[in-house]
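Student:
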Amino acid sequence: MFDDRAGKVLVDLLENWGVNHIYGMPGDSINNLMEELRKAEDKIKFVQVRHEEAGALAAASYAKLTGKLGVCLSIAGPGAIHLLNGLYDAKEDSAPVLVLAGQVPTDQIGTDSFQEINMERIFDDVAVYNKEVTSEEQLPSMVNQAIRTAYAEKGVAVLTLPDDIPTEKIKNKVQKNAVMYESPALTPDVTAMQEAAVAIEKAKKPIILAGTGVKKAKEELAAFSDTIAAPVVISLPAKGVMADEHPNFLGNLGMIGTKPAYEAMEETDLLILLGTSYPYTEFLPEDVTCIQIDRNPLQIGKRYPVDIGVAGDAKKVLTWFNEQLPRSEKRDFLEKYQEKMTSWWEEMKNDEEQTSTPIKPQQVIHEVQKIAEDDAILSVDVGNVTVWATRHFRMKTTQDFLISSWLGTMGCSLPGAIASKITFPERQVISLAGDGGFSMNMQDFLTAVKYNLPMIVVIFNNERIGMIKYEQEAGGHLDYKTGLESFNFAQFADNCGGKGYRVEKFEDLGPSLQAAASFNQPAIVDVCIEDEPPIPGKLSYDQVTSYTKQTIKKLFEKGKLELPPIRKGLKRM
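Convert by adding 92 to the 1-based position in the sequence shown; the result is the number in our numbering.
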């Protein structure tokens, strides 16, 4: 390490930590670090993005998909600022990410130099570790500490590097520390599990709400559900922890959820929160016994009145329950909602299997389902497309689902797809996005082309910000400024060097998706869809009356009557 340039030491440390690729864009305050990365390009791949936000979102997606450290790199000033949206996505979804942010040389800091900003203040809110390297001797220890902190706190660690630091040789003896992080083996308290087991055996109508903390315990979750005769509901980012077509599965809860999930929550006498800190407590039952199981003790009781808390890894806790609990004979509640869910899927098929034009978004998901491989990774954008993908795509436990769940940032699906294909080149990657979401980071389709990352990008093109239009109308307001200019994304794909398919008629939808799936380069399927609000799985009276107010306003203010699809929604009251 002595007499080595600090930049080389940094790159070597990253390699030792298992980092094999970095997302970013070259620039003047990181030129010296880029030179070290160039020399080590056989060990660490630098993925040049077209916008730093896409790089940060890709790093966050990689971390969410693998649990490993995502890394992104930017210059000072504008580049660092561009990272923030992707970094907040990582923070909100508890993804470990390392940021290497350039800065002006040390002798220019504080002189209002070109592109100099207060980096530590900029990153203060988003980061769990946020330090500026002021000497080359500090660098090794700070790199290790930053990465350990990102892993330990499942968040964003920022190292700000003045541009001269990587060129300096580390001549003096430095304090050594370890290139390692050991995940704590949190052993659940047996007394707490026994107390929970007693409550489970007493319950007549138990229900499980599972989150991402169950991703490594999918088989145990299915066995537990069967053992205690409890239907399973999931949080949005946990889609795939149980197969959608598993007989005990009720789908999601809330605005994106199913009617059976809503009704089962209303009827339950025992709620088991499993690996989730579910935020939408208005959809949770009142005055019922609640057990919460989470490896992070800080989450237990954070949002909901919990009676029994079990701090421990979901896999360990479920394994203990499955070994200790007898198979419940009280199966009426489970069987009732299995039947309701069968009826729900039949209702969904009525929309999915239509062959009409204009094309409905449900039809698009149904056709995507046909070409999706058993190990496909779905990177889904934010907006109405979230509802259609969550409600209609039948996930398997061998597939993965990526989304910006807590921050809900539009434009996340394409960077997520890029990260997915770089990480798992042998797996099929499908990006689902609305035209509003895709256009926010569409420039990085060029990145997918540049690195020859075969993927299928499906755009739900309704020429508007559909979710916001729906929210305005649900609030009793008129649609205002949600329309978007018409754009042919298929031509854009061709111009970028990929392949584009424009779909305006239903009969072209299936063949276009199949062609895109067989095309060994990035492809866009631009589907012109009918504008349709994503009616919630269970409508409230207020939502129906808000639609009525919106309709009356249109009649009086615009002189025309345009009825939204309320008839379908009334069936769900």
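Even glycine gets a Cβ: it sits at the ideal position worked out from N, Cα and C.
1) From what residue to what residue does the alpha helix (DSSP H) around Val686 run?
2) For Trp436, which residues of its own chain have a beta-carbon under 7 Å away from its beta-carbon, when the five flanking residues on both sides are left out?
3) Out of curiosity, what's the CA-to-CA distance linking Thr279 and Asp361?
4) Pairing CB atoms from the region 240–250 with CB atoms from the region 113–120, are three or more of them under 8 Å?
5) I'd like the list of long-range same chain contacts for Lys641, defined as Cβ closer than 6 Å, with 5 residues on each side in sequence excluded.
6) What's the C-alpha gap between Ile400 and Gln286?
7) Grab the span of the beta strand (DSSP E) containing Val402 for me, first residue to last.
8) Is DSSP giving Phe611 helix, strand or coil here?
9) Do you know how far the Cα of Gln384 is from the Cα of Leu190?
10) Beta-carbon within less than 7 Å of Asn222's beta-carbon, same chain only, minus the 5 sequence neighbours each way: which residues are those?
11) Using DSSP bridges, identify the partner residues of Gln140.
12) How many Å lie between Thr512 and Lys156 at the Cα?
13) If you count every other CB in all the chains shown that lies within 10 Å of the CB of Thr381, and 16 or more means buried, which is it?
14) Closest to Tyr562 by CA distance: which of Gly475, Gln207, Leu417 is it?
15) Along the chain, which unbroken stretches of the alpha helix (DSSP H) at least 4 residues long are found entirely within the region 287–366?
16) Since Ile548 sits in a beta bridge, which residues does DSSP pair it with?
17) Hey, out of Asp199, Glu311, Val290, Ala187, whose CA is closest to Thr241's CA?
18) Please confirm whether Val333 and Thr489 have their CB atoms less than 9 Å apart.
19) What first and last residue would you give for the beta strand (DSSP E) that runs through Thr592?
20) Are the Cβ atoms of Phe413 and Lys297 separated by less than 9 Å?
21) Report buried or exposed for Phe206, applying the criterion of at least 16 other Cβ atoms within 10 angstroms of its Cβ.
22) Between the C-alpha atoms of Gln454 and Phe537, what's the straight-line distance to the nearest angstrom?
23) Please confirm if Ala98 has its CB atom under 9 Å from at least one CB of chain C.
24) Helix, strand or coil for Ser505? Go by DSSP, reduced to three states.
25) With DSSP collapsed to three states, give me the class of Val103.
26) Which same chain residues, not among the five before or five after Ala322, have their C-beta less than 6 Å away from its C-beta?
27) Give the DSSP-derived three-state secondary structure of Gly162 in the structure shown.
28) Taking only three categories from DSSP, how would you classify Ala168?
29) Going by other Cβ atoms of all chains shown within 10 Å of its Cβ, with 16 needed for buried, is Asn177 buried or exposed?
30) From Gly590 to Lys452, what does the alpha carbon distance come to, in whole angstroms?
31) Tell me which same chain residues have a C-beta within less than 7 Å of the C-beta of Ala309, skipping the five on either side of it?
32) Rounding to the nearest angstrom, what Cα-Cα distance links Ile167 and Pro397 in this structure?
33) Let me make sure I understand the geometry here. Which of Glu208, Asn533, Ala481 has the alpha-carbon closest to that of Met440?
34) Along the beta strand (DSSP E) that carries Asp492, what are the first and last residues, could you check?
35) Could you tell me if Asp711 is buried or exposed, where buried requires 16 or more neighbouring beta carbons within 10 angstroms of its beta carbon?
36) Taking just the CA atoms, how far does Asp386 sit from Ser327?
Tutor: In short:
1) The chain is shown only over 93 to 665; residue 686 falls outside these bounds and no answer can be derived.
2) Thr350, Lys351, Pro352
3) 28 Å
4) no
5) The pLDDT assigned to Lys641 is 46, lower than 50, so where the model puts this residue is not dependable, and the model offers no usable value.
6) 10 Å
7) 400–403
8) coil
9) 31 Å
10) Glu212, Phe215, Asp216, Val250
11) Gly116
12) Here residue 512 is Ser; the residue named in the question, Thr, does not match the sequence. If I take the Cα positions, the gap works out to 10 Å.
13) buried
14) Gly475
15) 310–320, 351–359
16) Ile522, Ala615
17) Ala187
18) yes
19) For clarity, residue 592 is Gly in the given sequence; the question names Thr instead. Counting along the chain, the beta strand (DSSP E) containing Gly592 begins and ends at 591–595.
20) no
21) exposed
22) 25 Å
23) The structure shown contains no chain C; it is built from a single protein chain.
24) helix
25) helix
26) Pro298, Ile299, Ile300
27) strand
28) coil
29) buried
30) 26 Å
31) Ala406, Lys407, Leu410
32) 46 Å
33) Ala481
34) 492–494
35) This structure cannot settle anything about residue 711, because the visible part of the chain is limited to 93 through 665.
36) 14 Å
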